[in-house]
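>
Chains as they are written, first to last, in this note's numbering: chain A, 1 to 156; chain B, 1 to 272.
#1: So which residues on chain B does residue 111 (chain A) lean against when the C-beta distance must stay under 9 angstroms?
#2: For chain A, is any of its Cβ atoms less than 7 angstroms away from the one on residue 107 (chain B)?
#3: Can you tell me where the beta strand (DSSP E) holding residue 139 (chain B) begins and where it ends?
#4: For a test of the three-state rule: what should DSSP assign to residue 241 (chain B), helix, strand or coil?
#5: Could you check which residue in B:165, B:138, B:256 and B:172 has the C-alpha nearest to that of residue 150 (chain B)?
#6: From the DSSP secondary-structure annotation, give me the bridge partner or partners of residue 190 (chain B).
#7: Residues of the stretch 58-87 of chain A in Cβ contact with chain B at a cutoff of 7 angstroms, in chain order, please.
#8: Compare the C-beta of residue 18 (chain B) against all C-beta atoms of chain A and say whether one is closer than 7 angstroms.
#9: Report all residues from its chain with a CB closer than 6 angstroms to the CB of residue 104 (chain B); omit the five preceding and five following residues, and keep chain order.
#10: Where does the unbroken beta strand (DSSP E) through residue 68 (chain B) begin, and where does it stop?
#11: Quick one: which residues of the stretch 125-143 of chain A get their C-beta closer than 9 angstroms to a C-beta of chain B? List them in chain order.
#12: Taking the alpha helix (DSSP H) that residue 163 (chain A) belongs to, which residues open and close that run?
#13: When DSSP labels each residue in this structure, what does residue 38 (chain B) get in the three-state scheme?
#14: Could you tell me the alpha carbon to alpha carbon distance between residue 142 (chain A) and residue 150 (chain A), rounded to whole angstroms?
#15: DSSP state of residue 10 (chain A), grouped into three classes?
#16: So is residue 78 (chain B) buried or exposed if we call it buried at 16+ other beta carbons inside 10 Å?
#17: Looking only at its own chain, which residues have a Cβ that is under 7 angstroms from the Cβ of residue 263 (chain B), when we skip the five neighbours before and after it?
#18: Measuring only the C-alpha atoms, how far is residue 104 (chain A) from residue 131 (chain A)?
#19: Step through the CB atoms of chain B and report whether any lies within less than 7 angstroms of the CB of residue 51 (chain A).
#20: Assign residue 238 (chain B) to one of two classes, buried (16 or more other C-beta atoms within 10 Å of its C-beta) or exposed (fewer than that).
#21: Tell me, please, which residues DSSP counts as bridged to residue 15 (chain A).
#22: Please look up how many angstroms separate the CB atoms of residue 112 (chain A) and residue 54 (chain A), rounded, as I've assumed it's under 8 angstroms.
#23: Give me the Cα-Cα distance between residue 90 (chain B) and residue 96 (chain B), rounded to the nearest whole angstrom.
#24: Tell me, please, whether the CB atom of residue 35 (chain A) is closer than 7 angstroms to any CB atom in chain E?
#25: If you measure from the beta carbon of residue 55 (chain A) to each beta carbon in chain B, is any gap under 7 angstroms?
#26: Which of helix, strand or coil does DSSP assign to residue 20 (chain A)?
#27: Taking only beta-carbon positions, decide if residue 44 (chain A) is within less than 7 angstroms of chain B.
#28: Which residues in the same chain as residue 70 (chain A) place their Cβ atom closer than 8 angstroms to its Cβ, once the five residues preceding and following it in sequence are excluded?
#29: Considering only their Cβ atoms, is the gap separating residue 127 (chain B) from residue 143 (chain B) smaller than 7 angstroms?
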């Protein structure tokens, strides 16, 4: 079966790859582009660790047909780093003990980014709803919620 | 296994491709079809898509509301005119799933999913489909009864009449993880009141049968009566009649039959 050419913006950079029919965006990002920040968790839309932003909207990359992002902008956690420095949200996750095993963290950070862009000053309840699609089996979520609250506009 | 992806600019071309290929599936938001592909479902060899703006149109200005099959739950939640559908839309998935999942796809979502369809069934929606023989409108109940045989047809849109008042429409999803978990049971009730009495009661249940179904015995208990405690009790005791729930990891068939009346009573009496 022939490969399909695909071009899109990946963290502000144009990329061009060839994908097999039916390839999901997660596989395209990890195996063809080498961006290992989105993780494979369940493949069913249940865990959220493959979360990415497509044209600024939170999507699950494992349930996105790679071809559908042609010409669109895909943002992953890899685009969040600022040289040797952590992004303020990453710093807050570290400071508030919001990661233990860290497997859910890329998805948590992308969901938090989507939330804070839409709502820069979320309440605790809004944070819980915004992260509703992301599972963490280690932290009990409290540290994650506190880290995001610390990054809200007006937080100390 | 690689699949062939066919992308069309119009829904009718996509419908043609679906009707001519038994192993083709239409890809909407991806939450069902991509999941199947990720799980290695070899029965899908072709994926059909359409970039047709008609599929993502919302017409919510009048008393009759039409939602294109490709309208996502996030868009419904952003539409003030669709406030009566916000509770069912909000009960689905997390934010990412609501950005992806569509009204049309939800019609095909098997248990324990398909909650939005429960609301549409209670609202007596009409499903517009296009098959090899052209387009037609099907009552949602008929559509669901024949859902397994709908391969080869493309859902274009769903339409329903806006409930007469906010108080006339009730929705409740029982899940172990709130609000996004798979449904233990889902209930929706449309109870228009005319002259103090219920006229045209419709109660729909999710996860109480292989597809979403109406609780006809409970509807009969409500029809023509005032919505008082005695009527609600009669409807609640009839709620499980005619249902055929299954066991799954979220609950047993026995448990579902036990709780459906309890939750119908709470739904109709406005309890949290």
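Note that beta-carbon positions come from the ideal geometry of N, C-alpha and C, so glycine has one too.
These numbers were taken from a predicted model, which means no experiment stands behind them.
Working from what's here:
#1: 94, 95 and 96
#2: no
#3: 134-139
#4: coil
#5: B:138
#6: B:169 and B:202
#7: 58, 59, 60, 62, 63, 64, 65 and 67
#8: no
#9: 28, 69 and 155
#10: 64-68
#11: 129, 130, 131, 132, 133 and 134
#12: No answer is possible for residue 163 (chain A): the residues shown for chain A start at 1 and end at 156.
#13: helix
#14: 12 angstroms
#15: strand
#16: exposed
#17: 172, 174, 185 and 187
#18: 11 angstroms
#19: yes
#20: buried
#21: A:8
#22: That pair is no contact at about 17 angstroms.
#23: 12 angstroms
#24: Among the protein chains of the structure shown, namely A and B, there is no chain E.
#25: no
#26: coil
#27: yes
#28: 6, 7 and 8
#29: yes
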